[in-house]
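Just so you know, the sequences run in chain order A and B. Last residue of the first sequence? That's 626 in full-length UniProt numbering, and every number before it is there in order. Last residue of the second sequence? That's 264 in full-length UniProt numbering, and every number before it is there in order. Glycine included, each C-beta is placed from N, C-alpha and C at the ideal position.
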Amino acid sequence: MSDTISSSQDAATPIVIVGHVDHGKSTLIGRLLHDTDNLQDGKVAQIIESSKKRGLKIEWSFLLDSLQIERDQGVTVDSTRIPFRLGAREYVIVDAPGHRQFLRNMITGAADAEAAVLVVDAVEGAREQTRRHAMLLHLIGIRHVIVLLNKVDLLDFDQAKVEAVEVSVNELLGKLGLEAAYFVPASARDGDNIASRSERMPWYSGPTLTEALARVPTPASRSELALRLPVQDVYRFGDKRYVAGRIERGRVRVGDTVVIGTQKTPARIASIESWHTAPHVSASAGQSIAVTLEPDVIPDRGDLLHHVDTPPTQASRVRTRLFWLRQEPLRVGESFRLRLATAEHAVTVTSIESVVNLDDLTMHPGTEVPPEGFAEITLSAAENVQFDAFAPGTPDGRGVLVDLQQRIVGGAPLIGPADIAVGEKSIHPSASVVTTQDRQRVKGHKGRVFWLTGLSGSGKSTLARAAENALFSAGVDVSVLDGDTLRAGLCKDLGFTEADRTENVRRAAEVARILRDAGQVVLVALISPLRSDRELARQIIGDGFEEVFVDADLGTCEQRDPKGLYAAARAGKINGFTGIDAPYEAPQAPALRVATGNGSVENAVAQLVSFVEGSVRAGGNARARS
Amino acid sequence: MDHLDQLEAQSVFILREAYRKLKPLAMLWSLGKDSNVMVWLAKKAFLGRVPFPVMHVDTGKKFPEMYQFRDEYTKKWELDLLLGDCPPVEEMDPSLPPAARSAARKTAGLAAMIEKHKLQGVIAGIRRDEQGTRAKERVFSPRGASHKWDIRNQPPEFWDQYATPHEDGMHIRVHPLLSWREIDIWRYIEREGIPLVDLYFAKNGKRYRSLGDADITSPVESNAATLAEVIAELETTKTSERSGRAMDHESEDAFERLRVAGYL
Numbered sequence: 001m002s003d004t005i006s007s008s009q010d011a012a013t014p015i016v017i018v019g020h021v022d023h024g025k026s027t028l029i030g031r032l033l034h035d036t037d038n039l040q041d042g043k044v045a046q047i048i049e050s051s052k053k054r055g056l057k058i059e060w061s062f063l064l065d066s067l068q069i070e071r072d073q074g075v076t077v078d079s080t081r082i083p084f085r086l087g088a089r090e091y092v093i094v095d096a097p098g099h100r101q102f103l104r105n106m107i108t109g110a111a112d113a114e115a116a117v118l119v120v121d122a123v124e125g126a127r128e129q130t131r132r133h134a135m136l137l138h139l140i141g142i143r144h145v146i147v148l149l150n151k152v153d154l155l156d157f158d159q160a161k162v163e164a165v166e167v168s169v170n171e172l173l174g175k176l177g178l179e180a181a182y183f184v185p186a187s188a189r190d191g192d193n194i195a196s197r198s199e200r201m202p203w204y205s206g207p208t209l210t211e212a213l214a215r216v217p218t219p220a221s222r223s224e225l226a227l228r229l230p231v232q233d234v235y236r237f238g239d240k241r242y243v244a245g246r247i248e249r250g251r252v253r254v255g256d257t258v259v260i261g262t263q264k265t266p267a268r269i270a271s272i273e274s275w276h277t278a279p280h281v282s283a284s285a286g287q288s289i290a291v292t293l294e295p296d297v298i299p300d301r302g303d304l305l306h307h308v309d310t311p312p313t314q315a316s317r318v319r320t321r322l323f324w325l326r327q328e329p330l331r332v333g334e335s336f337r338l339r340l341a342t343a344e345h346a347v348t349v350t351s352i353e354s355v356v357n358l359d360d361l362t363m364h365p366g367t368e369v370p371p372e373g374f375a376e377i378t379l380s381a382a383e384n385v386q387f388d389a390f391a392p393g394t395p396d397g398r399g400v401l402v403d404l405q406q407r408i409v410g411g412a413p414l415i416g417p418a419d420i421a422v423g424e425k426s427i428h429p430s431a432s433v434v435t436t437q438d439r440q441r442v443k444g445h446k447g448r449v450f451w452l453t454g455l456s457g458s459g460k461s462t463l464a465r466a467a468e469n470a471l472f473s474a475g476v477d478v479s480v481l482d483g484d485t486l487r488a489g490l491c492k493d494l495g496f497t498e499a500d501r502t503e504n505v506r507r508a509a510e511v512a513r514i515l516r517d518a519g520q521v522v523l524v525a526l527i528s529p530l531r532s533d534r535e536l537a538r539q540i541i542g543d544g545f546e547e548v549f550v551d552a553d554l555g556t557c558e559q560r561d562p563k564g565l566y567a568a569a570r571a572g573k574i575n576g577f578t579g580i581d582a583p584y585e586a587p588q589a590p591a592l593r594v595a596t597g598n599g600s601v602e603n604a605v606a607q608l609v610s611f612v613e614g615s616v617r618a619g620g621n622a623r624a625r626s
Numbered sequence: 001m002d003h004l005d006q007l008e009a010q011s012v013f014i015l016r017e018a019y020r021k022l023k024p025l026a027m028l029w030s031l032g033k034d035s036n037v038m039v040w041l042a043k044k045a046f047l048g049r050v051p052f053p054v055m056h057v058d059t060g061k062k063f064p065e066m067y068q069f070r071d072e073y074t075k076k077w078e079l080d081l082l083l084g085d086c087p088p089v090e091e092m093d094p095s096l097p098p099a100a101r102s103a104a105r106k107t108a109g110l111a112a113m114i115e116k117h118k119l120q121g122v123i124a125g126i127r128r129d130e131q132g133t134r135a136k137e138r139v140f141s142p143r144g145a146s147h148k149w150d151i152r153n154q155p156p157e158f159w160d161q162y163a164t165p166h167e168d169g170m171h172i173r174v175h176p177l178l179s180w181r182e183i184d185i186w187r188y189i190e191r192e193g194i195p196l197v198d199l200y201f202a203k204n205g206k207r208y209r210s211l212g213d214a215d216i217t218s219p220v221e222s223n224a225a226t227l228a229e230v231i232a233e234l235e236t237t238k239t240s241e242r243s244g245r246a247m248d249h250e251s252e253d254a255f256e257r258l259r260v261a262g263y264l
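Here it is as structure tokens:
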């Protein structure tokens with residue numbers, strides 16, 4: 001590989017610095033900027049002053065950790081970008097935090113990097129975040145990885161010891177299909193092999209870090225690939241209609257015939273329009289352009305313009321290699337919007353093929369993807385999705401999942417169409433285009449599920465029905481699902497075995513979820529005696545599940561015995577009755593506990609109503625859960 | 001495509017995303033070099049038009065040359081100009097250092113305009129290389145109903161997919177120049193012939209490198225009297241662009257406090 005010569009008029013090369021917390025990322029960057037004369041006047045004095053103020057010697061990381069909280073707590077909260085020049089070549093150094101929610105912040109910095117420096121502590125070797133970071137580099141398609149083995153002074157600069165760590169790190173990268181471009185033993189603190197060759201490792205003949213950075217290849221041109229022009233918007237200015245978009249790859253010329261979207265409408269590029277430039281007859285990858293079409297068809301945002309003979313893949317089911325950014329796990333059946341360039345598709349997770357075990361980077365079958373986890377999953381859309389499989393160094397297949405609140409919850413590089421197995425039921429749940437926010441605006445409150453659990457006779461249904469009445473009068477769209485009503489219809493095939501009771505809970509939770517998604521407040525009144533069943537309900541419902549413990553002691557309930565069930569159970573006429581010969585596991589930390597043993601019904605109802613109102617009205621989301 | 005072409009194409013993409021997704025939308029026009037570049041980029045994106053209002057949040061303390069420039073180019077560029085004024089300094093947080101307290105007036109003036117016009121999107125010309133806390137910004141930076149910047153919980157932003165408002169009362173600060181460096185701005189001004197107030201060019205050995213309120217902005221030592229000379233100066237300088245902006249230097253956290261409260 002030859003050194004790349006470029007001038008400062010060229011684009012800056014983004015380099016992301018990753019690695020386990022405390023392996024020395026920030027020190028490395030500080031040292032690198034200092035040794036290559038890239039710091040502004042007075043910056044070093046400023047750092048020394050900030051360090052002194054906190055009783056530290058000189059803390060290079062303060063160069064990047066510009067926020068007060070970062071300096072006070074010694075952690076990087078969010079990624080930052082620093083321009084950096086090496087000879088005639090410009091770089092942008094992206095520093096990604098190794099701490100909390102690092103994945104979310106790391107991906108923000110790293111996604112468009114050309115190369116990565118993976119910092120590994122010579123003594124500790126690869127650790128959990130080393131593996132996570134390497135995994136993410138692999139998933140987002142960064143293939144040029146420089147491993148910087150830091151703190152080799154702690155190995156006495158010993159060749160054999162350094163090479164042993166090199167073998168283990170290479171083994172880790174190999175499992176991910178990555179290969180280190182260079183492996184640089186260094187001491188960031190002392191500057192060994194950063195910008196100048198270390199005299200303490202005469203055995204090392206490879207490049208220093210700056211030499212390795214100079215050899216990072218410049219990106220290959222995407223102009224020679226097949227055309228992909230996703231429509232960003234359509235404008236009507238004056239008497240002309242402009243189709244605007246950025247060419248993701250390939251080249252388009254005036255006079256070309258293109259095909260538009262899954263409708264396959266053909267049209268001719270009549271002109272490429274611009275302001276304050278010479279007229280264009282062609283445009284290529286990376287350019288944001290506006291074209292006029294002949295005939296004057298009106299494409300939609302998200303429609304892909306391509307040449308007739310080089311169409312993209314088209315499928316309604318796609319496989320993706322997911323990196324999951326939400327703080328709650330992902331499960332089969334969840335619905336999202338898949339954003340792909342400017343297109344957006346309603347999709348449902350139809351299967352989770354395998355989940356990555358981060359301890360040894362092996363793939364295993366799994367039923368959910370943990371927070372900040374990695375997995376291979378299948379997404380189903382109601383319509384066909386046009387895409388090209390994800391390929392490093394191109395914008396192809398860069399899927400991103402957003403939830404109904406339009407929050408970005410995961411990256412989903414599309415790796416190919418998924419087959420529908422023979423005999424498999426083809427389920428294509430459709431996702432709503434009405435957002436949660438829209439529903440809230442119309443109804444004036446959030447959708448939420450309040451799960452009332454308690455012994456038979458504790459007053460769950462009485463409470464739920466009275467609260468329903470009061471809430472409805474107050475303008476809340478509310479409904480009640482109670483055990484007997486469910487068992488009279490939806491669940492009349494179920495008995496009272498433990499398996500049937502679990503199924504009863506599952507069905508109640510699924511119905512509650514549908515109603516909640518439609519924006520309703522749902523009061524579920526169900527004995528649901530087992531903690532594991534209520535946990536199942538919480539998982540099915542997800543956000544907006546509140547457990548309410550309707551608490552009356554067994555003696556009181558048995559005394560009330562409104563349905564004569566306790567008497568029947570005592571007489572042995574029914575078996576497995578909760579509280580008599582089946583357990584009731586009381587909630588340990590309910591969102592609300594309503595005591596119904598003594599005291600007035602009115603008080604209990606008022607308590608529940610006020611809790612529900614506080615929880616579903618705007619801003620009332622934050623009631624503390626103990 | 002050279003570097004400036006790439007920056008231009010990316011900014012045009014961002015402006016078009018903002019115009020498509022955020023309504024109502026407005027662009028802040030502070031009359032400085034960066035915001036003139038931004039207006040220019042909007043004209044590139046929308047074929048010679050700026051299809052949303054530009055806002056000048058007027059502290060009343062800008063240089064006279066800037067007001068003259070505003071009146072002239074509002075007409076020449078056919079801009080829909082919205083003017084907003086700022087509350088007096090006495091109403092600002094007294095615990096802020098004096099220059100930062102003065103700058104906080106602009107935050108309050110901006111907040112009032114966002115409320116008044118119920119804006120979902122505000123386009124602002126900040127750049128990452130100007131200041132450490134700006135280096136941590138997103139291209140689409142969500143602000144809650146209080147307009148506060150929640151640094152600890154910024155949304156992920158990658159592969160050109162940006163945040164949209166997901167709660168009532170939220171708005172998005174859109175930053176199309178985030179990846180531009182100071183020298184890119186000047187090279188682009190030179191390439192495109194974008195007009196500027198002449199305070200940026202040296203007279204009697206001094207010029208303004210960054211323009212804020214007249215009372216808290218000072219000129220820097222310079223003999224750069226033409227675009228080419230300014231660019232040559234920037235190619236070798238190692239002083240910070242905002243060295244003449246008093247509020248950045250009063251205390252370590254003054255600028256961060258301003259930004260968290262909604263300053264640009």
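Any chain B beta carbon closer than 8 Å to TYR461 (chain A): Reading off the sequence, residue 461 (chain A) comes out as Ser, not Tyr. Cβ-Cβ to chain B under 8 Å: no for SER461 (chain A).
Between the CA atoms of ALA232 (chain B) and GLU221 (chain B) - distance to the nearest angstrom: 15 Å
Euclidean distance between Cα positions of TYR73 (chain B) and GLN232 (chain A): 29 Å
Three or more C-beta pairs below 8 Å linking the stretch 326 to 335 of chain A and the stretch 280 to 300 of chain A: The stretch 280 to 300 of chain A and the stretch 326 to 335 of chain A do not touch, with fewer than three beta-carbon pairs separated by less than 8 Å.
Integer-rounded CB distance, given that VAL521 (chain A) should sit under 8 Å from VAL550 (chain A): Wrong, their Cβ atoms sit about 17 Å apart, outside the cutoff.
Pick from A:ALA110, A:GLY261, A:THR210, A:GLU294 that is closest to ARG241 (chain A), judged by C-alpha positions: A:GLU294
C-beta neighbour in chain A for SER218 (chain B), strict 8 Å: no
Separation of GLY24 (chain A) from ALA99 (chain B), as counted between CA atoms: 37 Å
Closer than 7 Å at the beta carbon, the chain B residues around ASP41 (chain A): Near ASP41 (chain A) (Cβ distances below 7 Å), the residues of chain B are LYS238, THR239.
Cα-Cα separation, LEU149 (chain A) to VAL434 (chain A): 51 Å
Selection from A:SER50, A:THR394, A:PRO417 that minimises the alpha carbon distance to THR378 (chain A): A:PRO417
Any C-beta of chain A under 8 Å from that of ASP129 (chain B): yes
Within chain B, partners of TRP275 (chain A) - CB distance below 7 Å: Ordered by position in chain B, the residues that pass the 7 Å Cβ test against TRP275 (chain A) are LYS43, LYS44, LEU47, GLY48.
Status (buried if at least 16 other CB within 10 Å, exposed otherwise) for ASN204 (chain B): exposed
Backbone secondary structure at PHE13 (chain B) - three-state DSSP: helix
Sequence ranges, beta strand (DSSP E) only - wholly within the stretch 472 to 528 of chain A, length at least 3: Complete beta strand (DSSP E) runs here, min 3: 478 to 482, 521 to 525.
Check whether ALA225 (chain B) and ALA202 (chain B) have beta carbons under 8 Å apart: yes
Backbone secondary structure at residue 267 (chain B) - three-state DSSP: Outside the displayed span of chain B (1 to 264) sits residue 267 (chain B), for which this structure offers no information.
Closer than 8 Å to chain B by CB, LEU338 (chain A): no
Helix, strand or coil at ASN384 (chain A) [DSSP, three-state]: strand
Under 9 Å from the C-beta of PHE158 (chain B): neighbouring residues of chain A: The contacting residues are ILE107, THR108, GLY109, ALA110, ALA111, ASP112, ILE140, ARG398, VAL400, ILE408, GLY411.
Beta carbon of VAL57 (chain B) nearer than 8 Å to that of MET113 (chain B): yes
Cβ-heavy atom distance, PRO142 (chain B) to the ligand NAP, below 7 Å: Only the bare structure without any ligand can be found here, which leaves the ligand NAP out of the picture.
Alpha helix (DSSP H) runs contained entirely in the stretch 327 to 396 of chain A, provided each spans 4 or more residues: Fully enclosed alpha helix (DSSP H) runs of 4 or longer: not present.
Listed by chain order, chain A residues near ASP150 (chain B) by CB distance under 9 Å: Here the premise fails: no neighbours, minimum Cβ distance about 11 Å.
Delimiting residues of the alpha helix (DSSP H) encompassing VAL449 (chain A): It is not in any alpha helix (DSSP H) - VAL449 (chain A) instead sits in the beta strand (DSSP E) that spans 448 to 453.
Contact with chain B by THR348 (chain A), beta-carbon distance below 8 Å: no
Three-state class that DSSP yields for GLU424 (chain A) in the structure shown: Confidence at GLU424 (chain A) is low in this model, with a pLDDT of 45, below 50, so its placement is unreliable and the value that follows should be read with caution. Of the three classes helix, strand and coil, the one that applies to GLU424 (chain A) here is coil, per DSSP.
TYR208 (chain B) versus LEU199 (chain B): straight-line alpha-carbon distance, rounded: 6 Å
Distance, LYS33 (chain B) Cα to HIS3 (chain B) Cα: 19 Å
Exposed unless 16 or more other CB atoms sit within 10 angstroms - verdict on ASP203 (chain A): Strictly speaking, residue 203 (chain A) in this sequence is Trp, with Asp absent from that position. Per the 10 Å Cβ criterion, exposed.
C-alpha gap between LYS43 (chain A) and ASN105 (chain A), whole angstroms: 25 Å
Which of helix, strand or coil DSSP assigns to TRP324 (chain A): strand
MET1 (chain B), DSSP secondary structure in three states: The three-state secondary structure of MET1 (chain B), taken from DSSP, is coil.
Rounded straight-line distance, which links the Cα of PRO165 (chain B) to that of ILE514 (chain A): 24 Å
Residues that residue 635 (chain A) contacts on chain B, provided the C-beta gap is smaller than 9 Å: Lying before the first or after the last residue shown, residue 635 (chain A) is absent from chain A, which here runs from 1 to 626.
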